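In this note's numbering, the protein residues as written are 53 to 214.
Here it is, written out as structure tokens:
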């Protein structure tokens, strides 16, 4: 990938410094016949989290265009607290790729485990649904004080406030 296509490179997600982009509880309605949570439900939660992250990076509307490198490590159970963490992987001219990790806190345990990860690519779109450059905010977008890498509030030194 050329320098013009790549403005930001991935970094590992530091969960101590990066707030969860999404947190929810896995419910019985989201299970397969074996009682495990559907992989598609987990994927949709990751897409929501990644889309929220990409929205702030792109400064407006985004649409999912690809999911790559998706890995499922462990099952998610009913009652697990599911948290998705995001970090900007690559920013292109009209797209942003977000690294999304999913972690669970098992019911009644203090143990956290990583269960999935993947790369989600979103394209910035205008009000007509057409691709637009990342550097051009859509409409009246204004989110001062947000770090495009972690999409959370930051202090004057660029450190996350969460």
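We put the beta carbon where it would ideally sit given N, CA and C, even for glycine. Please read all numbers here as calculations on a predicted model, not as lab measurements.
(message) For residue 172 and residue 142, which I take to be in contact (beta-carbon distance under 8 Å), what is that distance rounded to the nearest angstrom?
(response) Counted from its first residue, the chain shown places residue 172 at position 120. Counted from its first residue, the chain shown places residue 142 at position 90. Contact flag wrong, Cβ pair sits at about 11 Å.
(request) Give the straight-line distance between the Cα atoms of residue 187 and residue 146, rounded to the nearest whole angstrom. (result) Numbered from its first residue, the chain shown carries residue 187 at position 135. Numbered from its first residue, the chain shown carries residue 146 at position 94. Taking the straight line joining both Cα atoms gives about 8 Å.
(request) Examine the Cβ distances between the segment 132-140 and the segment 156-173 and report whether three or more of them are shorter than 8 Å. (result) Segments in contact, yes.
(request) Give a yes or no on whether the C-beta atoms belonging to residue 82 and residue 89 are separated by under 8 Å. (result) Taking the first residue of the chain shown as 1, we reach residue 82 at position 30. Taking the first residue of the chain shown as 1, we reach residue 89 at position 37. Cβ atoms of residue 82 and residue 89: closer than 8 Å.
(message) I'd like the span of the alpha helix (DSSP H) that includes residue 121, first residue to last.
(response) One-based indexing of the chain shown puts residue 121 at position 69. It is not in any alpha helix (DSSP H) - residue 121 instead sits in the beta strand (DSSP E) that spans 114-124.
(request) Going by CA-CA distance only, name the one from 86, 84 and 93 that's closest to residue 76. (result) Looking up residue 76 in the chain shown gives position 24. Ranking the options by Cα distance to residue 76, first place goes to 93.
(request) Kindly give me the distance between the Cβ atoms of residue 258 and residue 103, rounded to whole angstroms, as I take these residues to be in contact under 8 Å. (result) No answer is possible for residue 258: the residues shown for the chain start at 53 and end at 214.
(message) Can you check which of these residues, 164, 65 and 106, is closest to residue 117 by C-alpha distance?
(response) If you number the chain shown from 1, residue 117 lands on position 65. Minimum Cα distance to residue 117 is reached at 106.
(request) Using DSSP bridges, identify the partner residues of residue 132. (result) Residue numbering aside, residue 132 sits at position 80 when the chain shown is read from its first letter. According to DSSP, which records beta bridges pairwise, residue 132 is partnered with nothing at all.
(request) Apply the 10 Å Cβ neighbour rule to residue 101 and answer buried if 16 or more other Cβ atoms are within range, or exposed otherwise. (result) As a first step, residue 101 is located in the chain shown; it is residue number 49 there, counting from the start. Its Cβ being crowded by 16 or more others within 10 Å, residue 101 is buried.
(message) How far does the alpha helix (DSSP H) with residue 96 in it extend, from its first residue to its last?
(response) Within the chain shown, the letter at position 44 stands for residue 96. Segment 91-110, the alpha helix (DSSP H) holding residue 96.
(message) Which residue wins for smallest C-alpha separation from residue 78, given the options 163, 182 and 127?
(response) Locating residue 78 in the chain shown gives position 26, counting from the first residue. Per the Cα distances, 127.
(message) So the candidates are 130, 112 and 148; which of them puts its Cα closest to the Cα of residue 180?
(response) Here residue 180 refers to the residue found at position 128 of the chain shown. Comparing Cα-Cα distances from residue 180 to each of 130, 112 and 148, the minimum goes to 112.
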